[in-house]
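Visitor: Same order as they appear, the protein sequences are chains X and G.
Residues 1 to 151 in my numbering are what the first sequence lists, from first letter to last.
Residues 152 to 334 in my numbering are what the second sequence lists, from first letter to last.
C-beta atoms are modelled at their ideal positions from N, C-alpha and C, and glycine is treated no differently.
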Amino acid sequence: MGHFEKKSAKTSQDVPTSAMPDVVFMLLIFFMVTTVLREVTLQVKVNFTEAENIEKIEQKRLVSYIYVGPKKLSGNRLGETEIQIDDALVDVGAIRKLMYDKLKEEPRLIVSLRVDDDTEFGIVTDIQQELREAGTLRINYSTKQEVSGGS
Amino acid sequence: MFGRDREREDPEVGGAGMADIAFLLLIFFLLVTTIDVDTGIGLQLPPAPEENQQPPPIKTRNMMKILVNQQGMVLMGTGEPEPTPVPQVKQRIKDFVTNRGKDPNLSDSPDKAIVSIKTQRAAPYKVYINMLDEVMGAYADLRNQAAQAQFGKSYEQLKDESEEKATIKDMFPKKISIAEPNQ
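The structure is reproduced here in structure tokens:
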């Protein structure tokens, strides 16, 4: 009987952990690559509209956002409709140059318009005209998925 | 002296701590990652107009004009636009695209059909999106029907950049134009 005991005692009972850092690093690298760290702080209120026939944009890195909506003021009040790109409120006239510069960096740029649903369309028309001048022709109106049933 | 040197431990870097550091970083990136996909209605804008350029002539029957006015009403038609409730836009676009020359007021063929969208400045954005949604829905339905009839699959099930998908896409090209605002 002691014969058997001796045999099992020789083998190591530890799970080899030397490969664990490699596995963890692999996961780490995956998440580092997929993370988009920069999140903008919204200075305008954007309440998305809903639509049924929507597409997904998977390449988040190609997307540049333009936020349009009433400006958030202190104490939950809302001001005039403003345009926000990245972290700043901009004039309509400034969009052309901003977007042209972005297009030079990324030729496959998609401009995503995140417009509040109570906005009048005139300002969107102005933005679209500026985008056409800048040459950024692929646009996307950000919407939420409408819950099917009501249309 | 030499004997004491030999008694020293192996000069190895401890590898166990590395996993902890990696885990810490991993958890940080896990928390900050947002895997939400942006959804929306994609559209291709027309290029900026060159000066003194005349728009190409298009037969009135091939151009479905849609106007969203400041009261939030949708007016559409190839000739004189008439008010249309938003839920009916889809059906009217379908009729218009698949007319194939039957009705003299609607399009010659699906590849000639153009949807031209115009909005007044004070038009509500919500109505515009709902209208655009209906137009997109009409094309999605038509493509789905064609894909089912030809390949027995829905349009979404066809592989991206496959020949089948291109065939269906060519059958019903999405020609949506944004009218010049000052016209």
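Consult DSSP for Lys-102 (chain X) and reduce its assignment to one of helix, strand or coil.
Guide: Helix.
Visitor: My output table needs one value for Asn-281 (chain G): the three-state DSSP class, helix, strand or coil.
Guide: Three-state DSSP puts Asn-281 (chain G) in a helix.
Visitor: Would you mind working out which of G:Arg-251, G:Gln-296, G:Gly-228 sits nearest Val-240 (chain G), comparing C-alpha positions?
Guide: G:Gly-228
Visitor: Is the beta carbon of Thr-249 (chain G) closer than 8 angstroms to that of Leu-293 (chain G)?
Guide: Yes; because the gap between Cβ atoms is below 8 angstroms, this pair is in contact.
Visitor: Going by DSSP, what residues sit across from Tyr-67 (chain X) in a beta bridge?
Guide: X:Gln-84, X:Arg-114
Visitor: Does the pairing of the region 288 to 304 of chain G with the region 135 to 144 of chain X give three or more beta-carbon distances under 8 angstroms?
Guide: no
Visitor: Taking just the CA atoms, how far does Asp-14 (chain X) sit from Lys-45 (chain X)?
Guide: Take the alpha-carbon of Lys-45 (chain X) and the one of Asp-14 (chain X): they are about 57 angstroms apart.
Visitor: One question on the structure: do Ala-51 (chain X) and Ile-192 (chain G) come within less than 8 angstroms of each other, judged by their Cβ atoms?
Guide: yes
Visitor: Using a Cβ-Cβ cutoff of 8 angstroms, what residues of the region 267 to 280 of chain G are near chain X? List them in chain order.
Guide: Thr-270, Gln-271, Arg-272, Ala-273, Ala-274, Pro-275, Tyr-276, Lys-277, Tyr-279, Ile-280
Visitor: Verify whether the separation of the beta carbon atoms of Ser-267 (chain G) and Lys-216 (chain G) is less than 8 angstroms.
Guide: The criterion of a C-beta distance shorter than 8 angstroms is satisfied by Ser-267 (chain G) and Lys-216 (chain G).
Visitor: Considering just the uninterrupted stretch of the beta strand (DSSP E) at Thr-49 (chain X), what are its terminal residues?
Guide: For Thr-49 (chain X), the enclosing beta strand (DSSP E) starts and ends at 49 to 51.
Visitor: Can you round the beta-carbon distance between Lys-102 (chain X) and Leu-109 (chain X) to whole angstroms, since I take them to be within the 8 angstroms contact cut?
Guide: 6 angstroms
Visitor: Quick check: is the beta carbon of Gln-334 (chain G) nearer than 8 angstroms to any beta carbon in chain X?
Guide: Only weak support exists for where Gln-334 (chain G) lies, its pLDDT of 47 falling under 50; the value from the coordinates is given anyway. No - not a single Cβ of chain X is within 8 angstroms of the one on Gln-334 (chain G).
Visitor: Reducing DSSP to helix, strand and coil, say where Pro-236 (chain G) ends up.
Guide: If DSSP states are grouped into helix, strand and coil, Pro-236 (chain G) belongs with coil.
Visitor: Looking only at its own chain, which residues have a Cβ that is under 7 angstroms from the Cβ of Asn-220 (chain G), when we skip the five neighbours before and after it?
Guide: Leu-226, Gln-271, Ala-274
Visitor: Within 7 angstroms: the Cβ of Lys-269 (chain G) and any heavy atom of the ligand MN?
Guide: Among the ligands in the structure shown, none appear at all, so the ligand MN cannot be discussed.
Visitor: Can you pull the chain G residues whose beta carbon is under 8 angstroms from the beta carbon of Thr-49 (chain X), in chain order?
Guide: Tyr-276, Lys-277, Ile-280, Asn-281
Visitor: With a threshold of 8 angstroms between beta carbons, is Gly-79 (chain X) in contact with chain G?
Guide: no
Visitor: If you run the structure through DSSP and keep just helix, strand and coil, what is Pro-184 (chain G)?
Guide: Checking the sequence shown, residue 184 (chain G) turns out to be Thr, not Pro. Coil, per DSSP.
Visitor: Counting contacts by CB-CB distance shorter than 8 angstroms, is Glu-55 (chain X) in contact with chain G?
Guide: yes
Visitor: Would you check if there are 3 or more beta carbon pairs closer than 8 angstroms linking the region 83 to 97 of chain X to the region 63 to 71 of chain X?
Guide: yes
Visitor: For Phe-121 (chain X), I'd like the list of residues in its chain whose CB is within less than 8 angstroms of its CB, leaving aside the five on either flank, ordered along the chain.
Guide: none
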